[in-house]
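In this note's numbering, the protein residues as written are 902 to 1145.
We put the beta carbon where it would ideally sit given N, CA and C, even for glycine.
All remarks here apply to the structure that follows.
What follows is the structure, given as C-alpha cells:
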C-alpha cells in the first residue's frame, strides 16, 4: 500500500481510537515568529542535561523528516507539486508517521519526547485556510486519534507574543517561509487561529492537560539568555512520568 492509498484509507469515519494523554510528550506550539523552535531546543537541552541525552528525543513533527517513511512523504512534496489540499494531507501523514516511527517507540523505551510544532500547528493552519473541508478533516483526524495514533501530549507549551513583536521577529529572519505571515494583519489571523486550535485540543483532551502559557517578549539585549530563562521555567513546570 502506498502513502496515497493509506491516506485515503484513514479517511474512513469508522476508524476510532481511544485517546491516551501521555506525560512523556512535551509539545511546543505558537504562531510563526514567537521563538518556539529556539525554545524547543533549549527545553530539550535542559532535559537532556538533567536526565541524560539517552532519555530525551527532540522532534519537529510537522517537518516530515526524521524517519524513512517521513522522508518518502518529503520526496512526494518536492517532486509532485501537490495542490494545497494535497500538501495538507501529506503534512498530516507526516505527523502520523512521526508518531509511529519516533514518538511511540520512544515512549515504549521510557524516553521523553520534545516536539517542536505538533498537531496543534496543523489545526491552526487549517483554521487559517478557512477551507471547511480541510478543517473538518483535521478535526476528525484529531478526535479519532488518526493523526497521533491515539496519543496526546499531556505537557502543552503555548508560546505567544504581541502582534508588534511577532512582526518584528519575522522581519529579522534571513529566510522567510511562504507560510509565514506576510502582513501584520496575517499575524492577527494567526493569533486568533492559534487560540482556537488550543481551545479545541483542550476540549478533546477533557481538560487533562498540563498547559504552560509563555509570553515571549522581544528583547533588545541578550534575547537568547531571556529564552533560556523561559525554557528553565518550562522544565520546572512539566508534569513528567514518575520515573523522572
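Closest in alpha carbon position to residue 1054, among 934, 1039, 1081, 1139, is 1139.
Per DSSP, residue 944 is one residue of the alpha helix (DSSP H) stretching across 937-952. Rounded to whole angstroms, the Cβ separation of residue 948 and residue 1015 is 7 Å, and the two are in contact under 8 Å. About 6 Å separates the beta carbon of residue 1021 from that of residue 1102, a gap short enough to meet the 8 Å contact definition. Of 1018, 1112, 1071, the smallest CA-CA separation from residue 1081 is found for 1071. Distance from the CA atom of residue 1144 to the CA atom of residue 1111, rounded to whole angstroms, is 18 Å. Per DSSP, the unbroken alpha helix (DSSP H) holding residue 1044 starts and ends at 1033-1044. Counted as a single uninterrupted DSSP element, the stretch harbouring residue 1097 is not any beta strand (DSSP E) but the alpha helix (DSSP H) occupying residues 1085-1105.
Per DSSP, the continuous beta strand (DSSP E) segment holding residue 1113 begins and ends at 1111-1116.
Ranked by Cα distance from residue 1057, the first of 1067, 1079, 1098 is 1098.
The C-beta distance from residue 1064 to residue 1085 rounds to 6 Å, short enough to meet the 8 Å contact threshold. Residue range 1005-1009 is occupied by the alpha helix (DSSP H) that includes residue 1006. Distance between residue 955 and residue 925, taken at the CA atoms: about 14 Å. At a Cβ-Cβ threshold of 9 Å, residue 1011 and residue 1142 count as neighbours. By the 16-neighbour rule on beta-carbons within 10 angstroms, residue 937 is buried. With 16 or more other Cβ atoms inside 10 Å of its own Cβ, residue 1019 counts as buried.
Judged by DSSP secondary structure, residue 930 falls within the beta strand (DSSP E) whose first and last residues are 921-930. Closest in alpha carbon position to residue 1094, among 1134, 932, 922, is 932. The C-alpha of residue 939 is placed about 27 Å away from the C-alpha of residue 1106. Taking C-alpha positions only, residue 1027 is separated from residue 944 by approximately 27 Å. The Cβ atoms of residue 1062 and residue 997 do not sit closer than 9 Å to each other. Residues 932, 934, 1064, 1067, 1068, 1071, 1082 of the same chain have their beta carbon placed closer than 8 Å to that of residue 1088, with the five preceding and five following residues left out of the count.
If you draw a 10 Å sphere on the C-beta of residue 1121, you find fewer than 16 other C-beta atoms in it, and that means exposed. Per DSSP, reduced to three states, the secondary structure at residue 1017 is strand. DSSP, reduced to helix, strand and coil, places residue 1076 outside both helices and strands of the structure shown, so it counts as coil.
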